[in-house]
Structures are given as C-alpha cells and as structure tokens.
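The structure under discussion appears below in the form of structure tokens.
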Amino acid sequence: DELNRSKLFMLAEMHRDPVPQFSPDKVKSATRFLRKAKDAVENSIAAFSGEFLNQADEDTIRMLQEKGRESARKMLLLFGDCSSKFHGDELKGQLVSIQEFSQAA
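In our numbering, the protein residues as written are 136 to 240.
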C-alpha cells in the first residue's frame, strides 16, 4: 500500500505544472526585468576593452577584480538559493544593490 502511494505521488509530481503559481503577466514582467538586467550587464561588459585594461593602473585593476568577485558571489547567492521561491519583482531590489555596488568606486 505504501509503495502504491509512493508511485502515485511520483506520477502526480511528474505531471504537475512546474510553475502553477505564476500568472502569464508575472512571467512576462519577470522576463522583461531580466532582459533589462541582462542588457545592463552586457553594456557594462562592453565598456571594458583590452586597451582600457592596458591603460589602467594596478589599483583600478584590483578594484575591478574585487567588484567582479563580489558581484559573482552575490549572483550565486541570489540564484543558487534553492530554498527560496522565485518572485521576479523581488529581484529588482537585489539586482539594483548589485548594480549599485558595481558602480561604487
């Protein structure tokens, strides 16, 4: 009986909607926000060039390395936390703080 319940539970889990708690509007909103964040990151990356790094002094390079490491750490924490549920609108504050950190000199 326990085995049958386990099999039924497993089948139900296999066929359930993976994102039933999100309306299409919420998915679209989160998608728009993530695209904007991606564009901002790409623009920031595009500003760096080999010429820029060749002309930068050691302190600037060290500062950029620290910002890069901290941003990567925050992104890992943000997206790697399996215990939290995804709420697109709540990411705005977290990504803004990452952006603010990266802009602080």
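All C-beta atoms, glycine included, are put in the ideal place defined by N, C-alpha and C. Computed from a prediction, not measured in an experiment: that's the story for all the values here.
**Message:** By the DSSP assignment, the alpha helix (DSSP H) with A191 in it spans what residues?
**Reply:** Along the sequence shown, one-based indexing puts residue 191 at 56. No alpha helix (DSSP H) contains A191, which DSSP labels as neither H nor E.
**Prompt:** By the 10 Å Cβ neighbour count, where 16 or more other Cβ atoms means buried, how is M145 classified, buried or exposed?
**Reply:** For this step, residue 145 is matched to residue 10 along the sequence shown. So M145 counts as exposed.
**Request:** Would you tell me roughly how many angstroms separate the C-alpha atoms of K171 and S179, rounded to the nearest one?
**Result:** If you number the sequence shown from 1, residue 171 lands on position 36. If you number the sequence shown from 1, residue 179 lands on position 44. If you take the alpha carbons of K171 and S179, they lie about 12 Å apart.
**Message:** Can you give me the C-alpha to C-alpha distance between S158 and D136, rounded to a whole angstrom?
**Reply:** Residue 158 sits at position 23 when you count from the first residue of the sequence shown. Residue 136 sits at position 1 when you count from the first residue of the sequence shown. Their backbone Cα atoms lie some 37 Å apart in a straight line.
**Asked** For S158, which of helix, strand or coil comes out of DSSP?
**Response** Sequence index remark: in the sequence shown, residue 158 carries index 23 (1-based). DSSP places S158 in coil when its eight states are reduced to three.
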